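Have a look at the structure below, then the notes.
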């Protein structure tokens, strides 16, 4: 009797006789011409186009790329871009119009990386059309953005003016808010003040030892090869340590200056409240600054020293910048955009309101802001601007949870001894106050959501000045998308 293994074919993996074969079931749903006999549309991947294709035919009318091209060609002032090219000599650069079309489209659609833009200029029809099939490399795109960063930030003001000309900005009701944008900085490339102080001493000793060793080596080589041999090259390990020591010294100085400035401001405020004269206030500030010392836990980052540790919405801590925006209620157009290093929003109310006036030449009718902007100094300034310009401020005096019921409207006169905070709280409880403040979230918070959905929560550029220009460019992209949608609706 043969064993089971003897019946298995030598060239197979299993006995085919053990496999149950099923015949196809005709359920009556497939006709005679079904299956592989079905007539499909022609598919010829190797077909050759007899007439060269035109990208104009591949890009539909009303496409965002056509809007950007029209904007750059006929509506934006490019004087700043051309003014930076002062020399006629040298290799001809890409036309600023071409590069601006690429960058603006990227910032509108969420493609900011210069390498991603380079690939998209080949792979994406819209960017290939905008680049006129020239496909600039990522280095050229990066250099253009860096060279024209101030001019690119100015596009925000031009886009805002176009939105106002289109009737999208009324300044009847605006809302102010801030959001944390993560800096392009690693949390692992940072040190606290206490560790900086300790590490500097260790590095100083290591550098001293390496310098002594280098001197000994030089002397022995001079004796062996003669005094004419070069011996001034720094060893690699010494050069690296010196660079690290320099970076640490700069970081420590920055922390000490920050602590001194903070101590000076606090001391001068206390002296002013005591009624001291100007000389005494200045002296108190100088003394406090001289005696100040950073907290041991205060940190500074080496990849972006100007970024600051901030608590984000998810409860974690990251190196961030604080992005501020004032948004018009009509079409969610950003009318003012700034970026700073402060973790809280207290100091941003007055500068942002002034920025709205600078950008548009007028003040809003009403402005709402959450409790992050409520302070005695801000309430005083709000009262002054309301009396001077007629702007109504509606600032929450306390953080309120979503589930908290809205309090009843107050009755009777405001008590004569009511504080500014109590007066603002009472103002928010009135029917007009409830109506205006209830609109705050739906005006400004969706704007941050739209920007972060397209662009992410990170900034690409490092340093406060560069990061601020990038935030304005992001705001310009947002406004241009709103303008494109508005014009498309008007055309439809």
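Residue numbers (my numbering): 1353 to 1844.
Ideal Cβ placement from N, Cα and C applies to all residues, glycine included.
Bear in mind that the values here come from a model prediction, so they are computed numbers and not experimental data.
With 16 other Cβ atoms within 10 Å as the buried cut-off, status of residue i
i: residue 1805; result: exposed
i: residue 1410; result: exposed
i: residue 1692; result: buried
i: residue 1441; result: exposed
i: residue 1769; result: exposed
i: residue 1393; result: exposed
i: residue 1545; result: Note that residue 1545 scores 48 on pLDDT, short of 50, meaning its location in the model is unreliable; the coordinates nonetheless yield the value given after this. With 16 or more other Cβ atoms within 10 Å, it is buried.
i: residue 1803; result: buried
i: residue 1767; result: exposed
i: residue 1616; result: buried
i: residue 1668; result: exposed
i: residue 1444; result: exposed
i: residue 1577; result: With a pLDDT of 47 at residue 1577, under the threshold of 50, the modelled position of this residue cannot be trusted; read the value that follows with caution. Its Cβ having fewer than 16 others within 10 Å, residue 1577 is exposed.
i: residue 1657; result: buried
Coarse secondary structure for residue i, derived from DSSP in three states
i: residue 1461; result: helix
i: residue 1766; result: coil
i: residue 1490; result: helix
i: residue 1500; result: coil
i: residue 1772; result: helix
i: residue 1531; result: strand
i: residue 1466; result: helix
i: residue 1354; result: Caution applies to residue 1354, whose pLDDT of 48 falls short of 50 and renders its modelled position unreliable; the model cannot decide the point.
i: residue 1428; result: coil
i: residue 1723; result: helix
i: residue 1864; result: The chain is shown from 1353 up to 1844; residue 1864 falls before or after that span and cannot be answered.
i: residue 1526; result: strand
i: residue 1718; result: strand
i: residue 1506; result: helix
i: residue 1413; result: coil
i: residue 1732; result: helix
i: residue 1590; result: Only weak support exists for where residue 1590 lies, its pLDDT of 45 falling under 50; the coordinates are left without a value.
i: residue 1634; result: helix
i: residue 1477; result: helix
i: residue 1422; result: helix
i: residue 1627; result: coil
i: residue 1341; result: One cannot answer for residue 1341 here, as it falls past the ends of the chain, which runs 1353 to 1844.
i: residue 1495; result: helix
i: residue 1641; result: helix
i: residue 1433; result: helix
i: residue 1851; result: Because the chain here runs from 1353 to 1844, residue 1851 falls outside it and cannot be looked at.
i: residue 1521; result: coil
Cβ-Cβ separation, residue j to residue i (assumed contact under 8 Å), whole Å
i: residue 1434; j: residue 1448; result: 6 Å
i: residue 1773; j: residue 1743; result: Between residue 1743 and residue 1773 the Cβ distance is about 19 Å, and since that is not below 8 Å, they are no contact.
i: residue 1534; j: residue 1810; result: 5 Å
i: residue 1636; j: residue 1628; result: 7 Å
i: residue 1695; j: residue 1674; result: 7 Å
i: residue 1453; j: residue 1420; result: 6 Å
i: residue 1633; j: residue 1623; result: 4 Å
i: residue 1532; j: residue 1662; result: 5 Å
i: residue 1747; j: residue 1776; result: 6 Å
i: residue 1725; j: residue 1697; result: 5 Å
i: residue 1825; j: residue 1505; result: 6 Å
i: residue 1655; j: residue 1537; result: 5 Å
i: residue 1835; j: residue 1523; result: Their Cβ separation, rounded to whole angstroms, is 17 Å, which puts residue 1835 and residue 1523 out of contact at 8 Å.
i: residue 1676; j: residue 1665; result: With 8 Å as the limit, residue 1676 and residue 1665 do not qualify as a contact, their Cβ atoms being about 16 Å apart.
i: residue 1719; j: residue 1526; result: 5 Å
Ignoring anything shorter than 4 residues or poking outside the segment 1786–1842, list the alpha helix (DSSP H) runs there in chain order. 1792–1807
Is it true that the segment 1680–1699 meets the segment 1789–1802, where meeting means three or more beta-carbon pairs spaced less than 8 Å apart? yes
Between the segment 1472–1486 and the segment 1494–1509, do three or more beta carbon pairs fall short of 8 Å? no
Hey, is the segment 1777–1791 in contact with the segment 1810–1819, meaning 3+ C-beta pairs nearer than 8 Å? no
Sequence ranges, alpha helix (DSSP H) only - wholly within the segment 1655–1711, length at least 4: none
If contact is defined by three or more beta carbon pairs under 8 Å, each pair taking one atom from either stretch, is the segment 1509–1525 in contact with the segment 1460–1469? no
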